[in-house]
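Below is one structure, written out as structure tokens, with a few remarks after it.
There are 2 protein chains.
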Amino acid sequence: MQVAAVCEPRHDAPRSSHVVPIHVVPRTAATRYAVPRCSTCAMRAICMPPELTSDELSRLDTLICSTRSIKRGDALYRAGDAFQSIYAIRAGSFKTVVMHRDGREHVTGFQIAGDSLGFDGIGEGKQNCDAIALEDSVVCIIPFAQLEAICREMKPMQHHIYQMMSSEIVRESSQMMLLGTMSAEQRVATFLLNLSKRFKARGFSAAEFHLRMTREEIGCFLGMKLETVSRMFSKFQRERLVKANGKTIRIEDAEGLARV
Amino acid sequence: MQVAAVCEPRHDAPRSSHVVPIHVVPRTAATRYAVPRCSTCAMRAICMPPELTSDELSRLDTLICSTRSIKRGDALYRAGDAFQSIYAIRAGSFKTVVMHRDGREHVTGFQIAGDSLGFDGIGEGKQNCDAIALEDSVVCIIPFAQLEAICREMKPMQHHIYQMMSSEIVRESSQMMLLGTMSAEQRVATFLLNLSKRFKARGFSAAEFHLRMTREEIGCFLGMKLETVSRMFSKFQRERLVKANGKTIRIEDAEGLARV
DNA sequence: CGTTGATTTGATAACAGTCAAGTTCCGTGG
DNA sequence: CCACGGAACTTGACTGTTATCAAATCAACG
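Put into structure tokens, the structure is as follows:
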């Protein structure tokens, strides 16, 4: 898994009732080159409803029949492309970028391994944003028509898709609240804590991780200029809340960061 | 229809391929007090996929077995309430409000007749925000478990629900872009044009309408203070783009407003 | 090991927030 | 129907946060 090179996997992964820990898949030829299989995927706990029978799982294996590798900086899809598939990130990370007609860009989200991409394309039948790889990445391709067919037959899967889309709506609501009500300082603090939480949920260190995005991309996501992002990192460093060494972030005082 | 008192219905409603015009339902006892029926609902074109057979439509009538009236200022639901149903607004309007733990509030959206509410509750199994009526309103109650069952059997309905949820994601992306990249002036202009478009799609005047929300609520939605909203209205008035008389808005120069 | 893009930091400017005062609107009750 | 009171709105003066512009430093990569 590429992501393993980015963030040290933790073997004392949390075992809360919500987050089923993932296990690092050995880098055997099978996991790297064979037909992808949900039944053996490390991200299954994040991608799939937990209550599937092994029978149902093997049916899903027939759904996802291909993966795709995207080089850093390349687009998985572009706004306006015909919508056909949902994507699940196997390894790597992406940003989603919407563009206004006047050329203004805005980053609507950062997605890491285990996250999904493309739900915003269903409504119009075409992609609503660009999905750009922040590092060399691999996605599972999930043809949406087939997914719909499966959802008509497998109730847990149907519900799971509704839940994923609903969670996306909730996530975006939180981001609107962040953009609408928080100071630059609070936005950056919230951003770091959110990343930390997501890495932790995937079994990586919550305290130390590498940012795959630039200050400019962070600023574009948080509604501020890159200089302001940089200043906030420096400020947190002075206050001993985080240690920021370029793209390496170490959260030294999560509680303090949350109080900002 | 309550909304008719607010915005004059237009009988020369647009007939684009996307927006099927709605017809104003006569205020008979049947439409006001009888069991609600999708098959005769004025909002059907907005709520429902267009290609349903009359057979399928009458099946839907069994799904929506009740409506609910909400007085101005009252909540349809509150954040934390158990999620059970989706709501379709028959008449009136709402705001959805998310609250941060520190008490900070943010308005995530304004919904008018024909819009739906509650999709953000599916993910967690509980409501994510408060839905507050901006005027006396009526909603159709759509039990979600039943809706899911119908979606497993009726492909067009299944797809329609995915489309509605996806559109909600897209709408929120646009709002994030607005909050993240636009000046106060542009935000208010965009807000007015968006409302105008939605009224037009429902057969009301695109040029003149009544705001059901306060300046404070608008500000809370657009990420600015109520004084700033007021100043922008005054500015647009000076520039002859808009005539704002309290809550009555007349858009005098839509192109000019779009250029802001 | 140089070139280029990314990041940091400082100085200044602009936009929106805050505080305050006055006005208008609207619902309620007489 | 009118008068009253409170909420909503407008406007002005001042303040503060963040943007802008600029320059220096750092880091990645061919």
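Keeping their order, the protein sequence lines are chains A and B.
Going by this note's numbering, the first residue of the first sequence is number 993, and it counts up by one from there.
Going by this note's numbering, the first residue of the second sequence is number 993, and it counts up by one from there.
All residues carry an ideal CB built from backbone N, CA and C; glycine is no exception.
Since we're looking at a predicted model, the values are computed, not measured.
Assuming contact is defined by CB atoms lying nearer than 8 Å, are residue 1085 of chain B and residue 1104 of chain B in contact in what I supplied?
The residue given as residue 1085 of chain B occupies position 93 in the second sequence. The residue given as residue 1104 of chain B occupies position 112 in the second sequence. Closer than 8 Å, so yes.
So what's residue 1161 of chain B in DSSP terms, helix, strand or just coil?
Position 169 of the second sequence, counted from the first residue, corresponds to residue 1161 of chain B. In the structure shown, residue 1161 of chain B sits in a helix (DSSP, three-state: H, G or I).
Kindly say whether residue 1151 of chain A, judged by its beta-carbon, lies nearer than 8 Å to any beta-carbon of chain B.
For the purposes of this step, residue 1151 of chain A is identified with residue 159 of the first sequence, where counting begins at 1. Closer than 8 Å: yes.
With 8 Å as the C-beta to C-beta threshold (strictly closer), list the residues of the region 1106–1120 of chain B near chain A in chain order.
From the region 1106–1120 of chain B, only 1111, 1112, 1113, 1114, 1115, 1116 and 1120 have a Cβ closer than 8 Å to chain A.
So is residue 1052 of chain B in contact with chain A if we call contact Cβ pairs under 8 Å?
Here residue 1052 of chain B refers to the residue found at position 60 of the second sequence. Chain A contact via Cβ: absent.
Comparing alpha-carbon positions, which option in A:1251, A:1176, A:1221 and A:1200 lies nearest residue 1206 of chain A?
One-based indexing of the first sequence puts residue 1206 of chain A at position 214. Nearest of A:1251, A:1176, A:1221 and A:1200 to residue 1206 of chain A, Cα basis: A:1221.
Closest by CA to residue 1253 of chain B, which one among B:1093, B:1081, B:1053 and B:1064?
Lying before the first or after the last residue shown, residue 1253 of chain B is absent from chain B, which here runs from 993 to 1252.
Roughly how far, in whole angstroms, is the beta-carbon of residue 1065 of chain B from the beta-carbon of residue 1124 of chain B, given that I think they are within contact range, below 8 Å?
Position 73 of the second sequence, counted from the first residue, corresponds to residue 1065 of chain B. Position 132 of the second sequence, counted from the first residue, corresponds to residue 1124 of chain B. Yes, they are in contact, since the Cβ atoms of residue 1065 of chain B and residue 1124 of chain B sit about 7 Å apart, within 8 Å.
Please return the same chain residues whose Cβ sits closer than 6 Å to the Cβ of residue 1248 of chain A, not counting the five positions on each side in sequence.
On the first sequence, residue 1248 of chain A is found 256 positions in, with the first residue counted as 1. Once the five neighbours on either side are set aside, the close Cβ partners of residue 1248 of chain A are 1233.
Just to confirm my understanding: we take residue 1253 of chain A, look at its own chain, exclude 5 residues before and 5 after, and list those with CB closer than 6 Å. What are they?
This structure gives no information on residue 1253 of chain A, because the portion of chain A shown stretches from 993 to 1252.
Check each residue of the region 1071–1089 of chain B: if its Cβ is closer than 7 Å to any Cβ of chain A, include it; give the result in chain order.
Residues passing the 7 Å Cβ filter: none.
Looking at the C-beta of residue 1206 of chain B, does it have a partner C-beta in chain A at a distance below 8 Å?
By one-based count along the second sequence, residue 1206 of chain B stands at place 214. No - not a single Cβ of chain A is within 8 Å of the one on residue 1206 of chain B.
CA-CA distance, residue 1055 of chain B and residue 1080 of chain A?
The sequence position of residue 1055 of chain B within the second sequence is 63, counting from 1. The sequence position of residue 1080 of chain A within the first sequence is 88, counting from 1. The straight-line gap from Cα to Cα measures roughly 33 Å.
Quick check: the Cα distance between residue 1141 of chain A and residue 1129 of chain B, rounded to an integer number of angstroms?
For this step, residue 1141 of chain A is matched to residue 149 along the first sequence. For this step, residue 1129 of chain B is matched to residue 137 along the second sequence. Whole-angstrom Cα-Cα distance: 37 Å.
Pull out every residue of the region 1154–1165 of chain A whose Cβ sits closer than 7 Å to any Cβ of chain B, in chain order.
Answer in chain order: 1154, 1155, 1157, 1158, 1159, 1160, 1161, 1162, 1164 and 1165.
Give the residues from the region 1177–1198 of chain B that approach chain A closer than 7 Å (Cβ to any Cβ), ordered along the chain.
Those residues of the region 1177–1198 of chain B that come within reach of chain A (Cβ to Cβ, closer than 7 Å) do not exist; the list is empty.
Give me whichever residues DSSP pairs with residue 1091 of chain B in a beta bridge.
Position 99 of the second sequence, counted from the first residue, corresponds to residue 1091 of chain B. Partner(s): B:1097.
Whole angstroms are fine: how far does the CA of residue 1245 of chain B sit from the CA of residue 1229 of chain B?
Sequence index remark: in the second sequence, residue 1229 of chain B carries index 237 (1-based). Sequence index remark: in the second sequence, residue 1245 of chain B carries index 253 (1-based). Taking the straight line joining both Cα atoms gives about 11 Å.
Could you name the residues of the same chain whose beta carbon sits closer than 8 Å to that of residue 1111 of chain B, not counting the 5 residues immediately before and after it, in chain order?
Taking the first residue of the second sequence as 1, we reach residue 1111 of chain B at position 119. Closer than 8 Å at the Cβ level, and outside the excluded window around residue 1111 of chain B, lie 1078, 1156, 1157 and 1160.
List the endpoints of the continuous alpha helix (DSSP H) containing residue 1182 of chain B.
In the second sequence, residue 1182 of chain B corresponds to position 190, counting from 1. Counting along the chain, the alpha helix (DSSP H) containing residue 1182 of chain B begins and ends at 1176–1193.
Can you say whether residue 1047 of chain A is buried or exposed, counting buried as having 16 or more other CB atoms within 10 angstroms of its CB?
Position 55 of the first sequence holds residue 1047 of chain A. Answer is exposed; the Cβ neighbour count stays below 16.
Output, in chain order, the set of chain B residues within a Cβ distance shorter than 8 Å of residue 1140 of chain A.
As a position in the first sequence, residue 1140 of chain A is number 148, starting the count at 1. Those within 8 Å of residue 1140 of chain A in chain B are 1147, 1150, 1151 and 1154.
Determine the burial state of residue 1189 of chain B: buried for a count of at least 16 other Cβ atoms within 10 Å of its Cβ, exposed for fewer.
Your numbering for residue 1189 of chain B matches position 197 in the second sequence. It is exposed - the Cβ of residue 1189 of chain B has fewer than 16 other Cβ atoms within 10 Å.
Which residues in chain B sit within 7 Å of residue 1172 of chain A, going by Cβ to Cβ distance?
For the purposes of this step, residue 1172 of chain A is taken as the residue at position 180 of the first sequence. In chain order: 1098, 1171 and 1215.
Going by other Cβ atoms of all chains shown within 10 Å of its Cβ, with 16 needed for buried, is residue 1042 of chain A buried or exposed?
The sequence position of residue 1042 of chain A within the first sequence is 50, counting from 1. Residue 1042 of chain A comes out exposed.
Is the shortest distance between the beta-carbon of residue 1092 of chain B and the beta-carbons of chain A less than 8 Å?
By 1-based counting over the second sequence, the position of residue 1092 of chain B is 100. Closer than 8 Å: yes.
Determine the chain A residues that contact residue 1223 of chain B at a beta-carbon separation under 9 Å, and present them in chain order.
Taking the second sequence and counting its residues from 1, one reaches residue 1223 of chain B at position 231. By Cβ distance, chain A contributes nothing, its closest Cβ being about 18 Å from residue 1223 of chain B, past 9 Å.
Just the C-alpha distance for residue 1182 of chain B and residue 1235 of chain B, rounded to the nearest angstrom, thanks.
Here residue 1182 of chain B refers to the residue found at position 190 of the second sequence. Here residue 1235 of chain B refers to the residue found at position 243 of the second sequence. Going from the Cα of residue 1182 of chain B to the Cα of residue 1235 of chain B covers about 16 Å.
Between which two residues does the alpha helix (DSSP H) carrying residue 1251 of chain A extend?
The residue labelled residue 1251 of chain A in the question sits at position 259 within the first sequence. That run of the alpha helix (DSSP H) goes 1246–1251.
On the CB-based measure, 16 or more other CB atoms within 10 Å of its CB, does residue 1034 of chain A come out buried or exposed?
Working through the first sequence from its first residue, we reach residue 1034 of chain A at position 42. Flag for residue 1034 of chain A reads buried.
To the nearest angstrom, how far is the alpha carbon of residue 1146 of chain A from that of residue 1143 of chain B?
Counting from one through the first sequence, the residue named residue 1146 of chain A turns up at place 154. Counting from one through the second sequence, the residue named residue 1143 of chain B turns up at place 151. Rounded to whole angstroms, residue 1146 of chain A to residue 1143 of chain B spans 12 Å at the Cα level.
Hey, residue 1191 of chain A and residue 1102 of chain A are a contact pair by Cβ (cut 8 Å); roughly how many whole angstroms apart?
For the purposes of this step, residue 1191 of chain A is identified with residue 199 of the first sequence, where counting begins at 1. For the purposes of this step, residue 1102 of chain A is identified with residue 110 of the first sequence, where counting begins at 1. About 12 Å separates the two Cβ atoms, so there is no contact after all.
Once you ignore the five residues that flank residue 1049 of chain A on each side, which residues in its own chain have a CB closer than 7 Å to its CB?
Numbered from its first residue, the first sequence carries residue 1049 of chain A at position 57. Hits under 7 Å: 1030 and 1031.
Return helix, strand or coil for residue 1150 of chain A, following the three-state DSSP convention.
Here residue 1150 of chain A refers to the residue found at position 158 when the first sequence is read from its first residue. Of the three classes helix, strand and coil, the one that applies to residue 1150 of chain A here is helix, per DSSP.
Alpha carbon to alpha carbon, how far is residue 1115 of chain B from residue 1040 of chain B? Give it in angstroms, no decimals.
On the second sequence, residue 1040 of chain B is found 48 positions in, with the first residue counted as 1. On the second sequence, residue 1115 of chain B is found 123 positions in, with the first residue counted as 1. Approximately 22 Å between the Cα atoms of the pair.
In the DSSP assignment, find the beta strand (DSSP E) that holds residue 1201 of chain A and state where it starts and stops.
Locating residue 1201 of chain A in the first sequence gives position 209, where the first residue counts as 1. Looking at the DSSP string, the run of the beta strand (DSSP E) that includes residue 1201 of chain A is 1200–1202.
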